[in-house]
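Order-wise, the sequence lines are chains E and A. This note's numbering numbers the first residue of the first sequence as 67 and each following residue consecutively. This note's numbering numbers the first residue of the second sequence as 380 and each following residue consecutively. All C-beta atoms, glycine included, are put in the ideal place defined by N, C-alpha and C. Keep in mind that this is a model prediction, so the values were computed, not measured. Right, one structure below, let's go through it.
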Amino acid sequence: MFRSLNSARNQAVVSLACLGALLSFNAFGDTSFSGIGRTATPQEVAAWDIDVRPDFKGLPAGQGSVAQGMVVWEGKCASCHGVFGESNQTFSPLVGGTTAQDIQSGHVQRLNDPAYPGRTTLMKASTLSTLWDYINRAMPWTEPKSLTTNEVYAVVAYLLNLGNIVPEDLVLSNSNMAQVQKLLPNRNGMTTDHGLWPGKLIGNGGKPDVKAVACMKDCNTDVAIKSSLPDFARNAHGNLAEQNRIVGAQHGVDTTLAPAATMAQARATADSSKPALPVVKTASAAAIALTKTYSCVACHGVDARIVGPSFKEIGKKYESRADAVTYLEGKIRAGGSGVWGDIPMPPQSLKGVEATAIAKWLIAGSPK
Amino acid sequence: MNKINSENVQAGRLVKAPENFLAPQDVQHVFKAPATARRDFLRKAFAAAGMAAAAPAMAQTSSAGDANILNLPEHSRGLGRPVANDGYGKPSTFEGNVQRRTSPGLTQTTQASVSFAPLQSLFGIVTPSGLHFERHHQGWWDIDPSKHRLMLNGSDEKIMRTPMVFTMDELMRLPSVSRFHFIECGANTGMEWGNVAVPTCQYTHGMLSCSEFTGVPLKLLLDRAGVDYKRARYVLAEGADGSSMTRTVPMELVESGEVIVAYGQNGEMLRPENGYPLRLVVPGVQGVSWVKYLRRIEVGDQPYGAKDESIHYVDLMPSGQHRQYTSTQECKSVVTTPSGGQLLMDKGFYNVSGLAWSGRGKVARVDVSVDGGRNWRKARQETPVLNKCLTRFNLDWVWDGKPALIQSRATDDTGYVQPDKRQLRAVRGTRSIYHNNAIQTWLVQENGEVKNVQIS
């Protein structure tokens, strides 16, 4: 469809490219591949070509204010990212760690401080297009691509305002994105001076930054153990005996027990450990697995509140209702707000039978 | 009697092939005459079976050896299960411990998360598809392949002559290539920059897998759409899942013919967790660029600064600057047995075995040390040794029961030598998260337990 737009010069370039294809794929014989693939319609390209580049190519026209952003934020973003972008224990903080001086320099000073805990999104982001593009394509978490263009502008404006980068009265739009880019605290914080780009136009052309030598004899004379897992963390990743094959040159260490004093003792323990066989799932195990699959556990603990109420609280509240299972199944799928607090629960995209399984488990008191 | 030669086989005739195959009429013919003799034979067979059944009782009263030999097991005395009992076979139930696993506390949700391949239990270089490590950014899907489409377009109208759409049927009609390559997450071993954080090689190195991938070279598709390669030096790959993951890939790699739009993995289709029905294969480059559920390829004249190129997958250097567009996985290796969390049951002979790989080419050699890097021995590299692919290495070792520090060090065919932790930290510090390819150390203790340790 763009053929008519091309100049004669570009046609010539295309012909050369096709010749190149013939040369590089001559092993395949006929390279016309007739009948395979078709021209995309302009509407199809528009439906999928949503990327926005650092030079703002691809940015659609629109606008949104900080105030409008706050409304969207509190409805659709705060349940995971926190009312102030500080996160609700679900995701890493988006906001924090940047200063007015960083906005001047374009390089976040706290990145020089190894003691500063963590790196927020605003400490790292060097391109405003990236924030816009990612919120547009992937947010909100459970309903990606549901925000309108203006809502995306508004949310980006609000996020920047939370980070004290733009004033409260800002209306962010396609016409001022480039100016706001110049305020990003870490806009000068990237370097491409490295050898890890497998192309010519970025970096140093693939030159490694560390040069080691393959010494073979009497090499490292300063050998001392500087770091190992403390004994209290021995079982932190589960019983390692169950994470190794039950036969072989080595078996797994039973980390539910203290380290053996001798090899004979260790071997006796290993011999007595039973092979772990797959267990048939009970209804409870299946429901628990579903709460993990659908990330219910990001917001609800079995016994503890996280963002929402605990599973046990929910079960207790509704166990006496005759229609409890139906009611909860509906709530799980449709979402809700106002029953347990200000933060709404978004609708969940799981199957009816899955919601029923979870609802029954909740009513049964969330057994293990 | 069933011998096939040009005389008894007519052209185009189907021969019922299984050895000793007898058609029903042949069976009647063969068994009619010796009917009496057959009864004798059966009688003898029953007598023999009766003796066998009596044998276990005798074994119990004897101390002549291993009960597993002396007492015939049930599977030697009974009828097993039929063919096609399970239309898609599964591993033995005794292999239940060989699973991919999550690392506790590493991620806050199970959808933006990672599971690690059990390297300590794998042989050779191919990762079974069901054990391939997973990294999802917004959960995985099982997508109907008949509805999946791949779109090609340009960042402007002149850079690609014809934006195109392909169905899976069409992509699978095109000439295909099949190649073995490793895929490693850029953050593999990322928890170990500063100190030991996890116990086993599943968690230190398990964001690594290797498969035979089948698909169409991306270059073929771009040629078909008519790309202005002078201007189009960057390729954007985009997924169809919720996050619609994007990454920039250099056109040089595509032009080399290495980058594949893949649908096949280890002889079958990709697994849903690995991008079914279509993913990009970018050999030598970190996993995040191997976009799953691939829906769109855009060519352009500038890099794209995607979320995973500006906010994540950027490497923080001691200078406070982040390295951006770091993609190549440099030469690296790890001993997988014996490794952290394992138990050596006795002194004596062991086969030290591990994996080596390089995102810049082939592994040229692997050295192994059992004394913490003081002295090294050249390991045996097993075949095949392929480009941007895992290589298996082995080394004979007799353990004397004293503490041993086991390490491996790979060198690739560019001459690059895998560095130790001290050398890597001297340049990159400890906060970069990504691209930790330092030498790994396992301590074999006197009680036989193997621990993850750092010696510098």
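Where does the unbroken beta strand (DSSP E) through residue i begin, and where does it stop?
i	result
L531 of chain A	R528 to G533
L543 of chain A	Strictly speaking, residue 543 of chain A in this sequence is Met, with Leu absent from that position. Residues M543 to T546.
C589 of chain A	L587 to P596
F772 of chain A	T770 to W778
T716 of chain A	K711 to T716
I562 of chain A	V556 to E563
E513 of chain A	E513 to H515
G418 of chain E	G418 of chain E -> not in any beta strand (DSSP E); alpha helix (DSSP H) instead, spanning G418 to I429.
N730 of chain A	G727 to W736
Q721 of chain A	Q721 to L723
S361 of chain E	Where S361 of chain E is concerned, there is no enclosing beta strand (DSSP E), given that its DSSP letter is neither H nor E.
A446 of chain A	Note, A446 of chain A: premise wrong, no beta strand (DSSP E); alpha helix (DSSP H) at A446 to L449.
Secondary structure at residue i, three-state DSSP: helix, strand or coil?
i	result
E631 of chain A	helix
Y704 of chain A	coil
S787 of chain A	strand
A426 of chain A	For A426 of chain A, the predicted structure reports a pLDDT of 46, less than 50, and the residue's modelled location is therefore unreliable. The matter cannot be settled from this model.
Q802 of chain A	helix
V670 of chain A	coil
A743 of chain A	strand
V387 of chain E	The question names Val, yet the displayed sequence has Arg at residue 387 of chain E. DSSP places R387 of chain E in coil when its eight states are reduced to three.
L599 of chain A	helix
K767 of chain A	coil
K434 of chain E	coil
K378 of chain E	helix
I538 of chain A	coil
Start and end of the alpha helix (DSSP H) containing residue i?
i	result
Y608 of chain A	Run containing Y608 of chain A: none; DSSP gives neither H nor E here.
G396 of chain E	A390 to A400
Q245 of chain E	M243 to Q247
D687 of chain A	K686 to S689
R658 of chain A	Segment R658 to V660 is the beta strand (DSSP E) holding R658 of chain A; no alpha helix (DSSP H) there.
S866 of chain A	Shown here, chain A extends from 380 to 835; a query on residue 866 of chain A therefore has no answer.
Q681 of chain A	Segment: none, Q681 of chain A is in no alpha helix (DSSP H) and carries neither H nor E.
If we ignore side chains and look at the alpha-carbon of each, how far apart do residue i and residue j end up?
i	j	result
D779 of chain A	R479 of chain A	33 Å
M648 of chain A	L822 of chain A	40 Å
Q700 of chain A	A685 of chain A	18 Å
R612 of chain A	M630 of chain A	5 Å
L88 of chain E	T97 of chain E	Note on L88 of chain E: pLDDT 44, under 50, position unreliable in the model; no value is reported.
G172 of chain E	L250 of chain E	6 Å
Q543 of chain A	R658 of chain A	According to the sequence as given, residue 543 of chain A is Met; it is not Gln. Approximately 17 Å, taken between the alpha carbons.
S376 of chain E	S689 of chain A	36 Å
Y439 of chain E	F728 of chain A	There is no way to answer for residue 439 of chain E, as the model of chain E reaches only from 67 to 434.
I562 of chain A	K382 of chain E	48 Å
V493 of chain A	A299 of chain E	21 Å
V138 of chain E	G794 of chain A	54 Å
I448 of chain A	I312 of chain E	20 Å
P410 of chain E	Q581 of chain A	38 Å
A491 of chain A	G518 of chain A	6 Å
W816 of chain A	A290 of chain E	A small correction: the amino acid at residue 816 of chain A is Asn; Trp does not occupy that position in the sequence shown. Straight-line Cα distance between these residues: approximately 21 Å.
G184 of chain E	R674 of chain A	34 Å
L774 of chain A	M551 of chain A	42 Å
R759 of chain A	Q316 of chain E	20 Å
A430 of chain E	E385 of chain E	8 Å
So what does residue i bridge to, in DSSP terms?
i	result
V505 of chain A	According to DSSP, which records beta bridges pairwise, V505 of chain A is partnered with nothing at all.
K830 of chain A	A:L822
I676 of chain A	A:L531 and A:A616
R480 of chain A	A:F495
T105 of chain E	A:M543
E647 of chain A	A:Q644
D694 of chain A	A:R702
R626 of chain A	A:A616
S748 of chain A	A:Q786
R371 of chain E	E:H366
M411 of chain E	E:G402
R759 of chain A	A:N773
V664 of chain A	A:T707
I'd like to confirm something about residue i: is its beta-carbon nearer than 6 Å to some heavy atom of the ligand FMN, or not?
i	result
Q833 of chain A	Annotation note on the ligand FMN: not contained in the displayed structure, which lists no ligands.
Please specify which runs of the beta strand (DSSP E), each continuous and at least 3 residues long, are wholly inside the segment 267-343 of chain E, giving them in chain order.
316-318
Completely contained beta strand (DSSP E) runs for the segment 192-267 of chain E, where each covers 3 or more residues:
237-239
Return the chain-ordered ranges of every alpha helix (DSSP H) run that is complete within the segment 113-189 of chain E and spans a minimum of 4 residues.
132-138, 144-147 and 166-171
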